[in-house]
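To keep things clear, I will list the structure first and then write my remarks on it.
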Amino acid sequence: MKLLVKSIKQLVQTIHRRKSCVPETNYISLRNFDEVLDVGGKCVVPGLIDGHTHPVWSGDRVHEFAMKLAGATYLEIHQAGGGINFTVAKTKEAEEQLLLDLFLNRVSRMMRSGTTLVECKSGYGLEWETEFKMLRVLEAAKALTPVKISSTYCAAHSVPQGKTPEEAADDIVMKQIPALQSEMQAGRLGVDSIDVFCEKGVYELEDTKRILLAGRNIGLRMNFHGDELHPLGGGELGGGIGAEAISHLEQLSEAGIQKMAASGTCAVLLPTTALALQLPHPPVRKMIQAGIPVALGSDFNPNAFCLSMIKSKPVSIFVKWENLIYQLGMADDLIAAVIIAGQVVHRKQATAKSETGLREACEVPLIVLRGLLMHDAVEPAARGFSSVRSLTLAPLVGQLQSIHDESVRF
Ligand SMILES: [Zn+2]
1 MKLLVKSIKQ LVQTIHRRKS CVPETNYISL RNFDEVLDVG GKCVVPGLID GHTHPVWSGD
61 RVHEFAMKLA GATYLEIHQA GGGINFTVAK TKEAEEQLLL DLFLNRVSRM MRSGTTLVEC
121 KSGYGLEWET EFKMLRVLEA AKALTPVKIS STYCAAHSVP QGKTPEEAAD DIVMKQIPAL
181 QSEMQAGRLG VDSIDVFCEK GVYELEDTKR ILLAGRNIGL RMNFHGDELH PLGGGELGGG
241 IGAEAISHLE QLSEAGIQKM AASGTCAVLL PTTALALQLP HPPVRKMIQA GIPVALGSDF
301 NPNAFCLSMI KSKPVSIFVK WENLIYQLGM ADDLIAAVII AGQVVHRKQA TAKSETGLRE
361 ACEVPLIVLR GLLMHDAVEP AARGFSSVRS LTLAPLVGQL QSIHDESVRF
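The sequence shown begins at 1 in full-length UniProt numbering and counts up one residue at a time.
Below, the structure written as structure tokens:
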């Protein structure tokens, strides 16, 4: 279907080799189109891609927010029966249908905030039976929501109670990954990436490496949590083994920056988590200057409840906040939320440097913002997303550019 979107006040697109994907003419015959969408002078931007979420779980932990505000530490919350073990227990006992309903509700709220493709991790089962259930929920949801889903197997999210990290890594490498491989080979699961929570006292470097490489052996992309709370050397590890992406990186070292830049490993930054946990800021400008592709993610999870890449508040507030923390400009911000995040979750095994991979990764729907210009853009127009979601922007590589036009053809 060919759709004409007219009355665009500002179109934000990317250019590739100085070529725009939009023909530079103001005069187009309406007869060439199946449908015309009048956006009433609004701003059109590529759909946002959320590069990091934990959206399949049961068991609300809102009560923990109150505990934290009252001064409880992470350890005290754990001792009171909270934390990730609470979510693991509730997710384990939840019916699959309940998990699916909860997920679909969350993803529809993400969609209303402009997210068109989302990376979704398992990781509240830790053992195979529940991890498999979570991955089945994501698989079923792919046919039930217009938002594209990229699944990540994340059994190494935490060490299960009663096990050492080494025992847990053994279970993942020797039992769970072979089981996952046979489900994928049988066509019952489509999983794109493997993730490990690489952290001091959880999965340290050796266990992380072992699990990631076992995942890569069955064709998964290596996309893991690293250098969040301690400078453990996650950047050096990920760069050294050619990981596709590392999330968090608040404690990334100089050597880690160099390794990641050399291997083309993407950085996935999670500003809401950094803010909620009052973590130091990752060295964003240094990463960009070194040539590391920088993406953004909401890190939606029961402990950091953010469903929106641009929040439900005006994006300008978010952008100011982003600027304050990370010194990301408006264009950097959108590139991070669209192009690089697309690289992180890209499912066709394209390398970060592959032009074809980038182009495919960037084929996202357009969204219509309520604001007239990108700079005062607010939440996406409710109708906009569903109306234009079948569109793709291609080829889209390179820097963002905005143009003003009366009517624009795709
Ligand atoms: Zn995470």
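Here a beta-carbon is modelled for each residue, glycine too, at the ideal position from N, C-alpha and C.
Model, not experiment: these values are computed from the prediction.
Taking the alpha carbon of residue i as the point to measure from, which residue in the options has its own alpha carbon closest?
{"i": "Pro231", "options": "Lys209, Phe224, Glu254", "result": "Glu254"}
{"i": "Pro160", "options": "Ala143, Thr87, Leu269", "result": "Thr87"}
{"i": "Lys209", "options": "Ala179, Glu166, Asn105", "result": "Glu166"}
{"i": "Val45", "options": "Thr53, Ser113, His63", "result": "Ser113"}
{"i": "Lys142", "options": "Cys154, Glu204, Ser108", "result": "Ser108"}
{"i": "Asp299", "options": "Pro283, Ser122, Gly162", "result": "Ser122"}
{"i": "Gly47", "options": "Lys148, Ser182, Met287", "result": "Lys148"}
{"i": "Ala245", "options": "Lys163, Thr272, Arg216", "result": "Arg216"}
{"i": "Glu228", "options": "Ser247, Ala295, Ile49", "result": "Ser247"}
{"i": "Lys175", "options": "Leu126, Arg136, Glu139, Glu204", "result": "Leu126"}
{"i": "Ser158", "options": "Ala274, Val202, Leu252", "result": "Val202"}
{"i": "Val268", "options": "Lys259, Gln258, Val284", "result": "Val284"}
{"i": "Tyr74", "options": "Lys286, Gln278, Pro282", "result": "Gln278"}
{"i": "Glu96", "options": "Gln289, Met134, Ala72, Met111", "result": "Met134"}
To the nearest angstrom, how far is it from the Cα of residue i to the Cα of residue j?
{"i": "Glu250", "j": "Gly235", "result": "11 Å"}
{"i": "Trp128", "j": "Gly256", "result": "32 Å"}
{"i": "Ala276", "j": "Ala304", "result": "7 Å"}
{"i": "Gly190", "j": "Ala70", "result": "43 Å"}
{"i": "Gly297", "j": "Glu183", "result": "28 Å"}
{"i": "Pro146", "j": "Thr116", "result": "8 Å"}
{"i": "Thr265", "j": "Cys198", "result": "16 Å"}
{"i": "Asp38", "j": "Lys9", "result": "11 Å"}
{"i": "Leu102", "j": "His54", "result": "12 Å"}
{"i": "Pro280", "j": "Asp34", "result": "51 Å"}
{"i": "Leu100", "j": "Arg136", "result": "9 Å"}
{"i": "Thr272", "j": "Ile172", "result": "30 Å"}
{"i": "Ala179", "j": "Leu205", "result": "24 Å"}
{"i": "Asn105", "j": "Gln181", "result": "29 Å"}
{"i": "Arg61", "j": "Val36", "result": "45 Å"}
{"i": "Thr91", "j": "Asp50", "result": "23 Å"}
{"i": "Asn85", "j": "Pro293", "result": "33 Å"}
Please classify residue i: does DSSP put it in a helix, a strand, or coil?
{"i": "Leu281", "result": "Reading off the sequence shown, one finds His at residue 281, where the question assumed Leu. Residue state, collapsed to three classes: coil."}
{"i": "Asp60", "result": "coil"}
{"i": "Asn223", "result": "strand"}
{"i": "Ile218", "result": "coil"}
{"i": "Gly297", "result": "coil"}
{"i": "Ile177", "result": "helix"}
{"i": "Lys9", "result": "strand"}
{"i": "Leu48", "result": "strand"}
{"i": "Leu100", "result": "helix"}
{"i": "Thr25", "result": "Residue placement at Thr25 is flagged as unreliable, the pLDDT there being 49, under the threshold of 50; the coordinate-derived value follows with that caveat. In the structure shown, Thr25 sits in coil (DSSP, three-state: anything other than H, G, I, E or B)."}
{"i": "His248", "result": "strand"}
{"i": "Ala155", "result": "strand"}
{"i": "Ile77", "result": "helix"}
{"i": "Val88", "result": "helix"}
{"i": "Asp170", "result": "helix"}
{"i": "Glu228", "result": "coil"}
{"i": "Leu69", "result": "helix"}
Cβ-heavy atom distance between residue i and ligand 1 below 8 Å?
{"i": "His54", "result": "yes"}
{"i": "Lys148", "result": "no"}
{"i": "His281", "result": "no"}
{"i": "Ser182", "result": "no"}
{"i": "Ser253", "result": "no"}
{"i": "Leu270", "result": "yes"}
{"i": "His63", "result": "no"}
{"i": "Asn217", "result": "no"}
{"i": "His78", "result": "no"}
{"i": "His230", "result": "no"}
{"i": "residue 422", "result": "The structure shown does not extend to residue 422, since the chain is modelled only from 1 to 410, so the question has no answer here."}
{"i": "Lys121", "result": "yes"}
{"i": "Asp299", "result": "yes"}
Spatial neighbours of residue i within its chain, please: C-beta separation below 6 Å, excluding the five flanking residues on both sides.
{"i": "Ser193", "result": "Thr152, Leu220, Arg221, Asn223"}
{"i": "Asp195", "result": "Lys121, Thr152, Cys154, Asn223, Phe224"}
{"i": "Gly131", "result": "This sequence places Glu at residue 131; Gly is not what is there. Closer than 6 Å at Cβ, skipping near neighbours: Ser122, Gly125, Ala155."}
{"i": "Cys306", "result": "Thr272, Ser298, Phe300"}
{"i": "Gln79", "result": "none"}
{"i": "Gln327", "result": "The predicted position of Gln327 is uncertain, since its pLDDT is 49 and thus under 50; no value can be drawn from it."}
For residue i, collect the residues of the same chain with a Cβ closer than 7 Å to its Cβ; drop the 5 residues on either side in sequence, then sort them by chain order.
{"i": "Ala94", "result": "Ser58"}
{"i": "Gly242", "result": "Ser263"}
{"i": "Leu213", "result": "Ile241"}
{"i": "Leu40", "result": "According to the sequence provided, residue 40 is Gly. The question's Leu does not apply to it. Once the five neighbours on either side are set aside, the close Cβ partners of Gly40 are Ser7."}
{"i": "Gly291", "result": "Ala261"}
{"i": "Ile177", "result": "Ala214, Gly215, Ile218"}
{"i": "Leu138", "result": "Val56, Cys120, Ile149, Ser151"}
{"i": "Leu252", "result": "Asp227, Gly235, Pro282, Pro283"}
Can a CB atom of chain C be found closer than 9 Å to the CB of residue i?
{"i": "Ser247", "result": "Judged by its chain identifiers, the structure shown contains no chain C, having just a single protein chain."}
Which same chain residues, not among the five before or five after residue i, have their C-beta less than 8 Å away from its C-beta?
{"i": "Ala89", "result": "Gly59"}
{"i": "Ile77", "result": "Glu64, Met67, Lys68, Gly83"}
{"i": "Ala169", "result": "Ala156, Tyr203, Asp207, Arg210, Ile211"}
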